[in-house]
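Read the structure below first, then the notes.
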Amino acid sequence: MEAGHTFLARLGKTRLRPGGRLATEWLFRQGKLAPGMKVLEVACNMGTTSLEMARRFGCSVTACDLNEEALSRARENQALHPAAPAVSFRKEDALHLSFSDNTFDVVINEAMLTMLPAPAKEQAVKEYLRVLKPGGLLLTHDIVLKDLTPAEIRDLTGELGRAIHITPLPYTEDGWRALFRDAGFAGTETYTGAMTLLSLPGLLRDEGWMRTLQILRRGMQRENRAAFLGMRRVFSKWHSHMGFIASVSRKPAASPVSENREPQKRETAV
Ligand SMILES: C[S@@+](CC[C@H](N)C(=O)[O-])C[C@H]1O[C@@H](n2cnc3c(N)ncnc32)[C@H](O)[C@@H]1O
1 MEAGHTFLAR LGKTRLRPGG RLATEWLFRQ GKLAPGMKVL EVACNMGTTS LEMARRFGCS
61 VTACDLNEEA LSRARENQAL HPAAPAVSFR KEDALHLSFS DNTFDVVINE AMLTMLPAPA
121 KEQAVKEYLR VLKPGGLLLT HDIVLKDLTP AEIRDLTGEL GRAIHITPLP YTEDGWRALF
181 RDAGFAGTET YTGAMTLLSL PGLLRDEGWM RTLQILRRGM QRENRAAFLG MRRVFSKWHS
241 HMGFIASVSR KPAASPVSEN REPQKRETAV
């Protein structure tokens, strides 16, 4: 079965995340992105965010994903903007990044942690801590739950899982904060709001008129209709309990991870 984000990308969607451009712009502001900063995007998919960071802020961006097809599309998208600073796209697993300790000023990860089981979330976030320079920033964007009983959470995740063909594990705001704190991050700040992935205002803001019409037209084609409407139905049913959360967290200047590791080539802290 096709995963929800692969399905939406096939319909023409370019931003596959719960809070769309609104949340991503907040992350960009928190990251204080600037020319020369070393940024890692994990789960870049077709490269929308990476290419935007390189083009708008002149950052040195490395972008990775597990999915080869998405990476091919990212490289094709890059070729459409030959004048922009090049992004290095590579296959990497968030749980076992190949980068050295203390490499990046910023790690950004949108709409991936929600899809992982708890131990994998913890492993990925520890990897982000490891590859960030002391003082570096982790920017994330995920689904957040609120005002639900444990039984309702089971219902919601079951329905969402059947709609997107992935077993999701979204957290409450406290849950997300605990994930980052327990991994060793400090000073987490968050921005939350309504899920806009498939709402009409969200589609228009993220994709523009032309692309929104294309997505809706393709979504309503006979072979896509059940899946498309099924996803919209789940988002709509749970809209007051399920939204987006964007977060920024800082790797402490003296992180336990960087202290306990073999000495690496040190780079200037942010
Ligand atoms: C919902 S999409 C989000 C894509 C993009 N960040 C966005 O916001 O539009 C999730 C992405 O996470 C990637 N992914 C899932 N598990 C991963 C892992 N362990 N390491 C790297 N990427 C992963 C998938 O291949 C997919 O491209």
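Per this note's numbering, the sequence shown starts with residue 1, numbered consecutively.
Ideal Cβ positions, reconstructed from N, Cα and C, are used throughout, including at glycine.
Is it buried or exposed for residue i, if we count other Cβ within 10 angstroms and need 16 for buried?
i	result
Gln78	buried
Met220	exposed
Ser72	exposed
Glu223	exposed
Ala246	buried
Gly36	exposed
Lys251	buried
Asp147	exposed
Leu160	buried
Pro18	buried
Arg29	exposed
Ser236	exposed
Gly136	buried
Lys91	exposed
Leu97	buried
Met1	exposed
Arg225	exposed
Ala63	buried
Given residue i, which residues of its chain have a CB within under 6 Å of its CB, disregarding the five upstream and five downstream residues?
i	result
Ala124	Ala94, Leu95
Distance check for residue j and residue i, CA to CA, integer angstroms please.
i	j	result
Glu259	Thr114	Unreliable placement is indicated for Glu259, whose pLDDT of 46 sits below 50; the coordinate value is still reported in the next sentence. When rounded, the distance between both Cα atoms is 29 Å.
Arg261	Arg177	Model confidence at Arg261 stands at a pLDDT of 46, short of 50, so the residue's coordinates are unreliable; what they give is reported in the following sentence. About 25 Å.
Leu213	Thr48	19 Å
Leu138	Arg181	12 Å
Val39	Ala253	18 Å
Asn45	Arg130	22 Å
Phe89	Ser60	12 Å
Ser240	Gly202	16 Å
Phe99	Ala183	18 Å
Thr14	Asp206	8 Å
Are residue i and residue j closer than 8 Å when you measure CB to CB?
i	j	result
Gln57	Leu80	A quick correction: the sequence has Phe, not Gln, at residue 57. The answer is no: Cβ separation not under 8 Å.
Gly243	Met210	no
Leu179	Glu122	yes
Leu156	Leu169	no
Val248	Glu189	yes
Leu16	Ala111	yes
His165	Ala9	no
Lys126	Asp105	no
Ala23	His141	yes
Leu51	Ala84	yes
CB-CB under 7 Å to residue i, same chain, minus the five flanking residues each way: which ones, in chain order?
i	result
Ala227	Phe7
Between residue i and the rest of its own chain, which residues show a CB-CB distance below 8 Å, the 5 nearest in sequence each way excluded?
i	result
Arg233	Ala163
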